[in-house]
Amino acid sequence: MIHPILKDKKACLFDMDGTLLDSMYVWEKVDENFFSLFGREVPPNLQQEIGGMSFTETAEYIRNQYQISMTGEEIRDVWNRLATEEYANHVCFKPGALLFLQYCKEHGLKTAICTSNSRELLEAANSHLGLSDYIDIFVTACEVNRGKPFPDVYLAAAEKLSVKPEDCLCFEDILPGIQAGRNAGMEVCAVEDAHAALDRRRIMETSQLYITDYHTLLAE
Numbered sequence: 052m053i054h055p056i057l058k059d060k061k062a063c064l065f066d067m068d069g070t071l072l073d074s075m076y077v078w079e080k081v082d083e084n085f086f087s088l089f090g091r092e093v094p095p096n097l098q099q100e101i102g103g104m105s106f107t108e109t110a111e112y113i114r115n116q117y118q119i120s121m122t123g124e125e126i127r128d129v130w131n132r133l134a135t136e137e138y139a140n141h142v143c144f145k146p147g148a149l150l151f152l153q154y155c156k157e158h159g160l161k162t163a164i165c166t167s168n169s170r171e172l173l174e175a176a177n178s179h180l181g182l183s184d185y186i187d188i189f190v191t192a193c194e195v196n197r198g199k200p201f202p203d204v205y206l207a208a209a210e211k212l213s214v215k216p217e218d219c220l221c222f223e224d225i226l227p228g229i230q231a232g233r234n235a236g237m238e239v240c241a242v243e244d245a246h247a248a249l250d251r252r253r254i255m256e257t258s259q260l261y262i263t264d265y266h267t268l269l270a271e
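Our numbering numbers the first residue of the sequence shown as 52 and each following residue consecutively.
Next up, the structure:
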């Protein structure tokens, strides 16, 4: 039996990092290596500050907030270089995620990845894990006007899939992403990730469903 939250849904829209993929550990390393280039420690609460921002927005925020002597494009290039090895070879699916993607494909549910990450790292993960075997479209927050918690990336995906927002189920791990899905008029399933633990209570209150792994959706 499938979980009741999927009843009458026509599409599942997934954030990538921390939601579909166990990949947030990569950014601990990237942050450490990036700031070390300038002889600095990683600022405390950095991930809370930038949560939900697009790759482009994050680069501009860090450049301005921390007086980094690089252009936004240069910062993005460094991040892509630092993270590509992990995305191309080592990141993996969250528990049960692949089984759930197989379920979606077998039952005619349309799918999208709606990520704040870069197109380059998305494509690296796709080559490594074969995401396009199960995902119909990829949309990055850099390709819309505003990152999360604004709804733009989710609304763009729903439009590309020709599905009404209310017929979509959004999957997210962090509060700004959950807010983006809710702001798009979608129901949201929150996926537990250790990197979002500080916001767990608010995440549970803001989403329609909170799961520790995707097996929950397939075991009802």
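Don't be surprised by glycine CBs; every beta carbon is placed ideally from N, CA and C. Model, not experiment: these values are computed from the prediction.
For residue j and residue i, believed in contact at Cβ under 8 Å, the rounded distance
i, j, result
"Arg197", "Leu226", "At roughly 16 Å, the Cβ-Cβ gap does not stay under 8 Å, so Arg197 and Leu226 are not in contact."
"Val352", "Val142", "Residue 352 lies beyond the stretch modelled for the chain, which goes from 52 to 271, so this question has no answer here."
"Glu243", "Tyr261", "7 Å"
"Ala110", "Arg91", "That belief does not hold up - the Cβ atoms of Ala110 and Arg91 are roughly 16 Å apart, past 8 Å."
In DSSP terms, what residue i is bridged to
i, result
"Tyr117", "In the DSSP output, where bridge partners are listed per residue, Tyr117 has none listed."
"Tyr265", "Per DSSP, none; premise fails for Tyr265."
"Ile126", "Paired residues: none, contrary to the question."
"Ile225", "DSSP, once it has assigned bridges, lists no residue as partnering Ile225."
"Ala163", "Leu64 and Ile188"
Member of the options whose CA lies at the smallest distance from the CA of residue i
i, options, result
"Leu152", "Phe65, Ile229 and Cys240", "Phe65"
"Glu210", "Gly181, Leu249 and Thr162", "Thr162"
"Ser213", "Leu160, Gln259, Arg251 and Asn234", "Leu160"
"Asn168", "Ala235, Thr257 and Met104", "Met104"
"Phe222", "Met67, Glu83, His54 and Phe144", "Met67"
"Asn84", "Pro216, Ala134 and Gly236", "Ala134"
"Ala247", "Val93, Asp187 and Glu100", "Glu100"
"His158", "Thr267, Thr257, Thr263 and Lys60", "Lys60"
"Ala270", "Ala245, Gln230, Glu171 and Gly147", "Gly147"
"Asn131", "Gly232, Arg170, Thr257 and Leu206", "Arg170"
"Met75", "Ile119, Met255, Phe144 and Lys58", "Phe144"
"Pro202", "Ala175, Gly232 and Glu174", "Gly232"
Residue i classed as buried or exposed, judged by whether at least 16 other C-beta atoms fall within 10 angstroms
i, result
"Tyr138", "buried"
"Ala62", "buried"
"Leu88", "exposed"
"Glu136", "exposed"
"Gly181", "exposed"
"Ala235", "buried"
"Glu216", "Rather than Glu, the amino acid found at residue 216 in this sequence is Pro. So Pro216 counts as buried."
"Asp184", "exposed"
"Gln116", "exposed"
"Gln230", "buried"
"Ala245", "exposed"
Contacts around residue i, its chain only, beta-carbon distance under 7 Å, and the 5 residues preceding and following it disregarded
i, result
"Glu108", "Gly198"
"Arg114", "Met121, Gly123 and Ile126"
"Gly228", "Asp66, Gly103 and Lys199"
Residues near residue i by beta carbon distance below 6 Å, same chain, minus five either side
i, result
"Val204", "Cys165, Val190, Ala192 and Val195"
Close-in-space but distant-in-sequence residues of the same chain around residue i (CB under 8 Å, 5 per side omitted)
i, result
"Gln259", "Ile56, Glu238, Val239 and Cys240"
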